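What follows is a set of notes on a single structure, which appears directly below.
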Amino acid sequence: MRIATWNVNSIRARVGRVVDWMVREDIDVLAMQEIKCKPEQFPAQAFEDAGYELAIHGISQWNGVAFASRHEMTDVETGFPGMPGFLKGQEGPGLPLEARALGVTVEDLRLWSLYVPNGRALGDPHLAYKLDWLERLRAHAHDELARDPQLALALMGDWNVAPFDTDMGDPSFVPGQSTHISEPERAAFHAFEAEGILDVVRPLAPEGFTFWDYKQLRFPRNEGLRIDFVLGSPAFADLVTAASIHRNERKGDAPSDHVPVVVELALEGEDDDRPMIF
DNA sequence: ATGCCCCAGGTACTGGGA
1 MRIATWNVNS IRARVGRVVD WMVREDIDVL AMQEIKCKPE QFPAQAFEDA
51 GYELAIHGIS QWNGVAFASR HEMTDVETGF PGMPGFLKGQ EGPGLPLEAR
101 ALGVTVEDLR LWSLYVPNGR ALGDPHLAYK LDWLERLRAH AHDELARDPQ
151 LALALMGDWN VAPFDTDMGD PSFVPGQSTH ISEPERAAFH AFEAEGILDV
201 VRPLAPEGFT FWDYKQLRFP RNEGLRIDFV LGSPAFADLV TAASIHRNER
251 KGDAPSDHVP VVVELALEGE DDDRPMIF
């Protein structure tokens, strides 16, 4: 099985590219972020014609997450328990929730499509929101794995954090002055490792960015960021056989500013198309 | 080469992105 995550930066502007890529790359399940539409605006027909069913969580023109899957999706969950909301000038529970998290179960895999809040600037209330959001997500993942340590859980999406210095190649991000590379953001990301939830892509694809800003020739200069990740529980990580970052999707007409990240899994009883050797 | 910002709403401009 091949599963992927991609911040598509508007699915209506990108539907042709996304579906073509899924078919060409034999993708079984795609977690999308920044669909930037409501469910009724989602270009569903193109996905259905290609053999995918959809789970969509979009509230407005902002944010929005979705799954396209060749296999049945069950236990669809919009937002995770404890997920904080945001309203300017206010704190605490009960604030409006944004469309940033969608959970589905596919073939005994528990998958989340996640669009972590941007943070905007050091000292901005959005950064506190981002850190709280990540901590609540970690707590939810902890609870899920405490209930079932064998759960094959994957947290897939745009994390808006560059965890290591090698993940930061855009000179407009300055240590001590910029989001995405600050110590608290990196600590919030690395806190998942303490839960045994690890980046399953980096060991198999150690180099490469997943985002390049549209401005200032960032892609031709390869001045990007690595901020899109698939983090997996031990049971999920045990299934992973390959991973790749599809850099070519940043090329050509009307690309997203992010590229897809693919993880290949070996599932029990799955025909992997390899010849049997006796 | 991959080439100098894009998306949505709404129809001039603003808000958001990273």
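Residues 1 to 278 in full-length UniProt numbering are what the first sequence spells out, letter by letter. Just so you know, even glycine gets a beta-carbon here, dropped at the ideal spot from N, CA and C. Only a predicted model underlies this, so the values are computations on that prediction, with no experimental measurement involved.
State the start and end residues of the unbroken alpha helix (DSSP H) segment that holds Phe229. Position 229 of the first sequence holds residue 229. No alpha helix (DSSP H) contains Phe229, which is instead part of the beta strand (DSSP E) from 228-232.
Any 3 or more C-beta pairs closer than 8 Å across the segment 176-183 and the segment 193-203: They do not touch, by the three-pair rule.
Between the Cα of residue 283 and the Cα atoms of Gly85, Lys251, Ala152, Glu34, which residue gives the shortest distance? What is shown of the chain runs 1 to 278, which leaves residue 283 out entirely.
Quick one: Cα of Val261 to Cα of Ala162, how far? Your numbering for residue 261 matches position 261 in the first sequence. Your numbering for residue 162 matches position 162 in the first sequence. Going by the C-alpha atoms only, they are around 15 Å apart.
In or out: Thr5 buried (at least 16 other Cβ within 10 Å) or exposed? Indexing the first sequence from 1 puts residue 5 at position 5. So Thr5 counts as buried.
Three-way DSSP call (helix, strand, coil) for Val201 in this model: Counting from one through the first sequence, the residue named residue 201 turns up at place 201. In the three-state reduction of the DSSP assignment, Val201 falls in the coil class.
Thr241 versus Pro255, Glu249, Asn248, Gly232, residue with shortest Cα-Cα distance: Against the first sequence, residue 241 aligns to sequence position 241. Ranking Pro255, Glu249, Asn248, Gly232 by Cα distance to Thr241 puts Gly232 first.
Verify whether the separation of the beta carbon atoms of Gly169 and Phe209 is less than 9 Å. As a position in the first sequence, residue 169 is number 169, starting the count at 1. As a position in the first sequence, residue 209 is number 209, starting the count at 1. Yes, these two residues count as a Cβ contact at 9 Å.
Nearest to Asp143 (by Cα), restricted to the options Leu265, Gly82, Ile11: Walking along the first sequence from the start, residue 143 turns up at place 143. Checked all of Leu265, Gly82, Ile11; the closest Cα to Asp143 is Gly82.
Check Ala237 in the structure and name its three-state DSSP category. To locate residue 237, count along the first sequence from 1; it is residue 237. It is helical.
Check whether the segment 200-219 and the segment 129-138 are in contact - that is, three or more C-beta pairs closer than 8 Å. Two segments are said to touch when three or more pairs of C-beta atoms, one from each, lie closer than 8 Å; by this definition the segment 200-219 does not touch the segment 129-138.
Looking at C-alpha atoms only, which residue of Val200, Lys38, Trp133 is the closest neighbour of Val230? Here residue 230 refers to the residue found at position 230 when the first sequence is read from its first residue. Residue Val200 holds the alpha-carbon nearest to the alpha-carbon of Val230 among Val200, Lys38, Trp133.
Which two residues bound the contiguous alpha helix (DSSP H) that contains Glu185? Within the first sequence, residue 185 is the residue found at index 185, counting from 1. Taken as a continuous stretch (DSSP letters only), the alpha helix (DSSP H) holding Glu185 covers 183-194.
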